[in-house]
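With this note's numbering applied, the sequence shown corresponds to residues 40 to 251, in that order. Reading through the structure tokens given below for one structure.
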Amino acid sequence: MFCKYCGHPIIEGDSYCTDCGNHIQEGPAMVSWKGSLDIFANYKMCLLKKPFTIQGRATRAEFWRFMLLQSLILHIINLPVSWFEETNVVIEVLSWVTTILALFSLVIENCLIVRRLHDFNVSGKWVAAYWALFGAGIIFFISRIGPYWLLLSTNTFTLDSATAMPLVVSMMLVGVLVVIGLMATIVIGCIPSNKRENKYGLLPDYTYYRGE
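Shown next as structure tokens:
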């Protein structure tokens, strides 16, 4: 017998998967209490057990405990890069490591956001729609600044008002999209869970989660 959420082998008679923590047997449509993990166990589960999982649901506790600890870890790793003004091989390596980890973290966080949307019965396609819009904004910005980038870097070219306006507008557009993304993330993280089973599954219960 295998868990329908993660495929982990389960013992017949178990009510919960010990690998992903999801309820695996039919039960009441609504449960009054759902166990949650401490911040470190929750971080380990999100990072190692389901980093790229977009199926299922994620509670507010799961969402915020991962987001806050991940943000703290990335800032700590980035401290040496921001402290030292002189660039050397170590700082360059740390800078690249921080960038790669930030991109990896962004993918994990977006998968978590999709599961958080599922938790209150909203399609995760809204995340794809946002990134499509954000990508269009970046493309527009690059198309505006591209012809002048090399000239600006040589300090021999000065923008007039007519040329600068499209660049300013494109930068403002990207800035607005970033703010919208941050505000949406906060709102998504604050909406209460749908206590009943929805089309994305049952509310996750980690009461019996062991994390092996």
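Glycine included, each C-beta is placed from N, C-alpha and C at the ideal position.
Neighbourhood of residue i by C-beta distance below 6 Å, restricted to the same chain and skipping five residues each side
i	result
L156	G163
N160	N233 and N237
L133	P119 and V120
V70	For V70, the pLDDT reaches just 40, beneath the cut-off of 50, and the residue's location in the model is therefore unreliable, although a value from the coordinates is still provided. Closer than 6 Å at the Cβ level, and outside the excluded window around V70, lies no residue.
G66	Confidence is the limiting factor: at G66 the pLDDT is only 45, short of 50, which leaves the residue's position unreliable and the question unanswerable from this model.
R104	I78 and N81
I147	P90
Which residues DSSP lists as bridging residue i, in chain order
i	result
G220	Note: G220 sits in no beta bridge, so no partner.
P231	Paired residue(s): none; P231 is not in a bridge.
P48	F41
Three-state secondary structure (DSSP) of residue i
i	result
N237	strand
C85	helix
T98	coil
L133	helix
V161	coil
S75	coil
P119	helix
C56	coil
F143	helix
N127	coil
P242	The identity of residue 242 in the sequence shown is Leu, whereas the question assumes Pro. In this structure, L242 counts as coil in the three-state DSSP scheme.
T138	helix
I93	coil
Y169	helix
M69	Note that M69 has pLDDT 40, beneath the 50 cutoff, so the model's placement of it is unreliable and no number is given.
Spatial neighbours of residue i in its chain, beta-carbon cut-off 7 Å, leaving aside the 5 residues before and after
i	result
L140	L113 and I116
L216	L172, F173 and G176
D158	R96, A97, T98, S232 and N233
G214	none
Exposed unless 16 or more other CB atoms sit within 10 angstroms - verdict on residue i
i	result
N81	buried
M204	exposed
E131	exposed
M222	exposed
F102	buried
C229	exposed
D244	buried
M84	buried
I178	exposed
M106	buried
S75	buried
L241	buried
T209	The question names Thr, but residue 209 in the sequence shown is Ser. Result: buried.
Contacts around residue i, its chain only, beta-carbon distance under 8 Å, and the 5 residues preceding and following it disregarded
i	result
V166	N149, I152, V153 and L156
V136	I116
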